[in-house]
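In the working numbering, the protein residues as written are 4 to 367.
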């Protein structure tokens, strides 16, 4: 499952520094001038999950494979991007391909790091980017509506439905609201992805703070100050500290966090929030060859989950042998869990739960 989170923000807010920390590389050019990232850098990042590590301790596999998510470091945006200012057109095309948007807001002063607006104002930064994305979506919605109008008038019923939804979207965008804030019917939610609108995607916000302020951060106060919708998760972190920790051992990183009174790496929370934001979960397979986390959508049934491994598993699905993660760990593996009556045989209608350890039976 190819999942991409686009990292966006004005120039010099810490996007590339954050990307470097996420990917534990220095591929993105974190330079002190606008547009240092011209083509998007893409990094594949493992989803932190202590459960997988615990399973690996029990089964001692040859390899351990976590769930993965891709982060895309997208060129800095400026006012007027929707009309092609800066790298606007290139930026917008890259972000349309992502599944969700991570908006980085700088919330600290530093005379050595120039801000493109001349002063640090995260509320203004938020409004600039959201306004540009709304304008880009408005232009796209109007263009698509014009094209679909012709098909609708010729009797195309599906096109007629799309036109009605686009009119609703156009009104909301004109009023300054992102599409993801618009209430829609289930049918409209199915139609919506066809339009590839940026503000229809789920958003999360990273508040890039100085390291001494992370432990005292109040998401509620920040949300009120900036005007971020309640549906958007806010994650505080220091991109600089996270970047420095990326070069340390796990123990050294823990010690650095402790110095600042921080309980866990901000990147771990960011990756988990991004994963959850997309309505995803994992199940596990565990054996001598590998212990692995498989990414599925919340609500997926057993055959769909099997299909993530191989399409033949879904087509020939017979049964799923399921042990909950808690039982698997308590009984130290599948054999003892089965002996304790904790292994279940589930059929096609079983809705896979986050953390299930599963072995699939299928017909060739």
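Glycine residues also receive a C-beta, built at the ideal position from the N, C-alpha and C atoms.
- Item | Beta-carbon proximity check, residue 124 vs residue 76, cutoff 8 Å | Going by beta carbons, residue 124 and residue 76 fall outside the 8 Å limit.
- Query: Nearest-angstrom Cα distance between residue 180 and residue 137?
  - Reply: Rounded to whole angstroms, residue 180 and residue 137 show a C-alpha spacing of 7 Å.
- Have a look at 363, 348, 331 and flag the residue whose alpha-carbon is nearest the alpha-carbon of residue 55. Taking only the C-alpha atoms, the option nearest residue 55 is 331.
- Task: Determine the burial state of residue 288: buried for a count of at least 16 other Cβ atoms within 10 Å of its Cβ, exposed for fewer.
- Result: So residue 288 ends up on the buried side.
- Measure the alpha-carbon distance for residue 84 versus residue 218 and round it to whole angstroms. Here the model assigns residue 84 a pLDDT of 49, short of 50, so the residue's position is not dependable, and the following value carries that caveat. Taking the straight line joining both Cα atoms gives about 35 Å.
- Spatial neighbours of residue 204 within its chain, please: CB distance less than 6 Å, with the 5 preceding and 5 following residues excluded, ordered by chain position. The answer, listed in chain order, is 103, 104.
- Task: Please go through the stretch 294–322 and give each complete beta strand (DSSP E) segment of 3 or more residues, from N-terminal end onward.
- Result: Whole beta strand (DSSP E) segments, 3+ residues: zero.
- Which term fits residue 192, buried or exposed, when burial requires 16 or more other beta carbons within 10 angstroms of its beta carbon? That one is exposed.
- Task: For residue 48, write down the residues that DSSP places opposite it in a beta bridge.
- Result: DSSP output for residue 48 lists 72 as bridge partner(s).
- Within the chosen definition, does the stretch 128–145 reach the stretch 164–179 through at least 3 CB pairs nearer than 8 Å? Touching, yes, given that three or more Cβ pairs across the two stretches are closer than 8 Å.
- Query: Which residues mark the beginning and the end of the alpha helix (DSSP H) in which residue 243 is found?
  - Reply: Boundaries of the alpha helix (DSSP H) harbouring residue 243: 242–248, taken from the DSSP string.
- Let me know if residue 284 comes out buried or exposed under the rule of 16 or more other beta-carbons within 10 Å of its beta-carbon. So residue 284 counts as buried.
- Alpha-carbon spacing of residue 208 relative to residue 299, whole angstroms: Pairing residue 208 with residue 299, the inter-Cα distance amounts to about 24 Å.
- Would you call residue 9 buried or exposed, if buried means 16 or more other Cβ atoms sit within 10 Å of its Cβ? Answer is buried; the Cβ neighbour count reaches 16.
- Message: Please state the DSSP three-state secondary structure of residue 175.
- Response: Three-state DSSP puts residue 175 in a helix.
- Fully enclosed by the stretch 206–291, which alpha helix (DSSP H) runs are 4 residues long or longer? Whole alpha helix (DSSP H) segments, 4+ residues: 222–229, 242–248, 253–262, 269–280.
- Item | CA-to-CA distance, residue 257 to residue 215, given in whole angstroms | Taken atom to atom, the span from the alpha-carbon of residue 215 to that of residue 257 is near 16 Å.
- Task: Determine the direct distance from the alpha carbon of residue 53 to that of residue 234, and round the result to whole angstroms.
- Result: So the alpha carbons of these two residues sit roughly 27 Å apart.
- Message: Please state whether the Cβ-Cβ distance between residue 13 and residue 132 is less than 8 Å.
- Response: Contact: yes.
- Item | Closest residue to residue 175 among 190, 195, 141 (Cα-Cα distance) | Considering only alpha carbons, the answer is 141.
- Query: From what residue to what residue does the beta strand (DSSP E) around residue 203 run?
  - Reply: Where residue 203 is concerned, there is no enclosing beta strand (DSSP E), given that its DSSP letter is neither H nor E.
- Thinking C-alpha only, which one of 325, 231, 329 is nearest residue 107? Nearest of 325, 231, 329 to residue 107, Cα basis: 231.
- Message: Check for me: the beta strand (DSSP E) holding residue 8 runs from which residue to which?
- Response: Taken as a continuous stretch (DSSP letters only), the beta strand (DSSP E) holding residue 8 covers 7–11.
- Query: What first and last residue would you give for the beta strand (DSSP E) that runs through residue 361?
  - Reply: DSSP places residue 361 in the uninterrupted beta strand (DSSP E) bounded by 360–365.
- Can you give me the Cβ contacts of residue 309 inside the same chain, cut-off strictly under 6 Å, excluding the 5 residues immediately before and after it? Excluding positions up to five away in sequence, the list reads 316, 317, 320, 363.
- For residue 89, is the classification buried or exposed, using 16 other Cβ atoms within 10 angstroms of its Cβ as the cut-off for buried? With a pLDDT of only 46 at residue 89, under 50, the local geometry of the prediction cannot be trusted, and no value is derived from it.
- Query: In the structure shown, what three-state DSSP assignment does residue 335 receive?
  - Reply: If DSSP states are grouped into helix, strand and coil, residue 335 belongs with coil.
- Task: Could you check how far apart the C-beta atoms of residue 65 and residue 291 are, in whole angstroms? I think they sit under 8 Å.
- Result: Confirmed, about 7 Å.
- Item | Sequence-distant residues of its chain with Cβ nearer than 6 Å to residue 336 (five each side left out) | Only residues of its own chain outside the window of five on either side were considered, and among them 61 have a CB closer than 6 Å to the CB of residue 336, listed in chain order.
- Would you please state the rounded distance, in angstroms, between the beta carbons of residue 111 and residue 213? I believe it to be under 8 Å. Confirmed, about 4 Å.
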